[in-house]
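First residue of the sequence shown: 13, per the numbering used here; consecutive thereafter. No residue lacks a Cβ here, since even glycine has one placed at the ideal position from N, Cα and C.
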Amino acid sequence: MRTIQSTQDREGLLLVLESIDEDFVPPISVQEDSLEAYADHLLKDGKVIVAKDNWKYEGIVGYFIRDNRLFLDLLWVSEANRGSPLKYDLLKQLTANEPEFEGKIEVKTWHLNLKMKSLLERMGFNLIRTIKHDYVSERTSLVYETDFFMFRTFLSNY
Numbered sequence: 013m014r015t016i017q018s019t020q021d022r023e024g025l026l027l028v029l030e031s032i033d034e035d036f037v038p039p040i041s042v043q044e045d046s047l048e049a050y051a052d053h054l055l056k057d058g059k060v061i062v063a064k065d066n067w068k069y070e071g072i073v074g075y076f077i078r079d080n081r082l083f084l085d086l087l088w089v090s091e092a093n094r095g096s097p098l099k100y101d102l103l104k105q106l107t108a109n110e111p112e113f114e115g116k117i118e119v120k121t122w123h124l125n126l127k128m129k130s131l132l133e134r135m136g137f138n139l140i141r142t143i144k145h146d147y148v149s150e151r152t153s154l155v156y157e158t159d160f161f162m163f164r165t166f167l168s169n170y
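Structure follows, in structure tokens:
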């Protein structure tokens, strides 16, 4: 049975971060000081939502809120769930966790992550900035944003 919930489980978070590190370009461990530091930062300064089927992690969302902006920092769904609505379920839980939030939501992705770009555009995000040589010379990052109300409205249809 799948559960979607907020978590403060550092050990579980580290295990999933270690298993998905190479799914990102560059790996999370290169983007951050270390996976341990990133997990601690997410748990201390942000929020983490996980989808688990018993013990197995199927998806994860990590985000921060600063200055009336929500930064969606991490969105990952297991290979087996990439075609399923799990990503929407995780994002709906994010909106449920933040019922009073009224600002903008911002997401940064790698320019070659075509699935994420397509998802963001379908959800009404607009490209607001391009960052060349982000983290490493071969990465160009794309920064998207939308109004949180519009984001919540889009998700209500899933």
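Per the DSSP secondary-structure output, residue 89 pairs in a beta bridge with 71. Check the Cα spacing between residue 118 and each of 80, 22 and 102: the tightest is with 80. Your pair residue 134 and residue 155 does not check out as a contact, with CB atoms roughly 17 Å apart and the cut at 8 Å. By alpha-carbon distance to residue 168, the top candidate from 100, 150, 128 and 121 is 100. By the neighbour-count criterion, in which a residue is buried when 16 or more other Cβ atoms sit within 10 angstroms of its Cβ, residue 157 is buried. A direct Cα-Cα distance of roughly 10 Å separates residue 125 from residue 152. Residue 65 carries a strand assignment under DSSP once its states are collapsed to helix, strand and coil. DSSP places residue 36 outside both helix and strand once states are collapsed to three, so it counts as coil.
For residue 152, the enclosing beta strand (DSSP E) covers residues 152-159. Residue 42 is classed as exposed because its beta carbon has fewer than 16 other beta carbons within 10 Å across all chains shown. Taking C-beta atoms under 8 Å as the contact rule, residue 62 and residue 69 qualify, at a distance of about 6 Å. Ranked by Cα distance from residue 72, the first of 166, 33 and 162 is 33. If you check the CB distance, residue 114 and residue 83 do not come in under 8 Å. When rounded, the separation of the alpha-carbon atoms in residue 52 and residue 22 is 7 Å. Residue pairing of residue 118 in beta bridges, as defined by DSSP: 83 and 157. In this structure, residue 27 sits away from residue 19, with a CB-CB distance that is not shorter than 8 Å.
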